[in-house]
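Position in the sequence shown (from 1) plus 1200 gives the number in our numbering. Remarks on the structure that follows.
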Amino acid sequence: MIPVPAEPHPYPLAPGATALVVIDMQRDFVEPGGFGEALGNDVTRLLAIVPTVARLIALFRAKGWPIVHTREAHLPDLSDCPPAKRLRGDPPLKIGDVGPMGRLLVRGEPGNQIIPDLAPIDGEIVVDKPGKGMFWATGLHETLQARGITHLVFAGVTTEVCVQTSMREANDRGYDCLLVEDATESYFPEFKAATLAMIRAQGGIVGWTTPFSALQEALQ
Ligand code: C5J
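Below, the structure written as structure tokens:
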């Protein structure tokens, strides 16, 4: 185990059994003209973490450790998108509607691709998930179990929605989870701060948090 300085106490990173999970760094959430902006959000906040996420990915690639990239993505016929999800809030552009980057949150569309700076390379795991959480209807737990993964390091967007949901799902499945504080972002700074606090409260009830610099230094 490598102890990584973290809150609420050092994270016991397990070399060989740790994967990086990069949640939903897709054009739909991060770039203007996508789903995030259609919901009325300022997407520029999310772009700011891209260099840190890129360094985190480079760190895992240098170690030869597994990397999972997720995308929030629905089938073209939307059979995996509950009407409650599609219609809630009555946004001007809904999931499946055509926006400037193609159909919103639909597999294969330009807006559904991971941004070029963080694009997966051969051998990395890419998961299309119809829910906010990365385990719902994806088979990812079985994939990780087959590889002997017990520890997950998290990055991506948005902190309080798909990142937190995935982390909580992972916690319930027995993974030890570390969230990299400056490699995740929300459209709402107060929601990010609250999420970091609730993850590490009560002795780390959901997991640990740490800045990228602390993880990088521990792994040198
Ligand atoms: C949202 C996500 N916010 N990736 N998705 O709808 O967090």
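Where a beta carbon is used, it is the ideal one built from N, C-alpha and C, also for glycine. All figures in this text were calculated on a predicted structure; none of them were measured in a lab.
Asked, Found
"8 Å Cβ cutoff met for A1383 and V1204", "no"
"Secondary structure of A1397, DSSP reduced to three states", "helix"
"Complete alpha helix (DSSP H) runs within the segment 1201-1235 (minimum length 4 residues, chain order)", "1227-1230"
"Exposure of G1216, with buried meaning 16 or more beta-carbon neighbours within 10 Å", "exposed"
"Cβ neighbour criterion (16 or more within 10 Å) applied to K1263", "exposed"
"Three-way DSSP call (helix, strand, coil) for C1281 in this model", "coil"
"Per-residue burial, V1298 [other beta carbons within 10 Å of its own, 16 or more giving buried]", "exposed"
"Member of G1308, P1291, P1330 and L1256 whose CA lies at the smallest distance from the CA of V1221", "L1256"
"Rounded separation between Q1345 and S1366 - CA only", "16 Å"
"Residues bridged to G1356 [DSSP beta-bridge criterion]", "I1223 and T1384"
"Cβ-Cβ distance between R1307 and D1322 below 8 Å", "no"
"Through-space distance from G1339 to L1213, alpha-carbon basis", "24 Å"
"Cβ distance (whole Å) where T1343 is taken to contact D1376 below 8 Å", "Actually they do not touch by this definition, with Cβ atoms about 18 Å apart."
"Terminal residues of the beta strand (DSSP E) in which E1272 lies", "I1267 to E1272"
"Buried or exposed (CB count within 10 angstroms, at least 16 for buried), A1206", "buried"
"Close beta carbons around A1254, own chain, < 8 Å, minus the five adjacent residues each side", "D1317 and L1318"
"Integer Cβ distance of I1223 from M1334, believed to fall under 8 Å", "7 Å"
"Where the beta strand (DSSP E) containing I1325 begins and where it ends", "I1325 to K1329"
"Three-state class that DSSP yields for G1299 in the structure shown", "strand"
"Pick from I1399, R1288, A1284 and V1326 that is closest to A1273, judged by C-alpha positions", "V1326"
"CA-to-CA distance, H1269 to W1336, given in whole angstroms", "15 Å"
"Cβ contact (3+ pairs, closer than 8 Å) linking the segment 1223-1240 and the segment 1351-1361", "yes"
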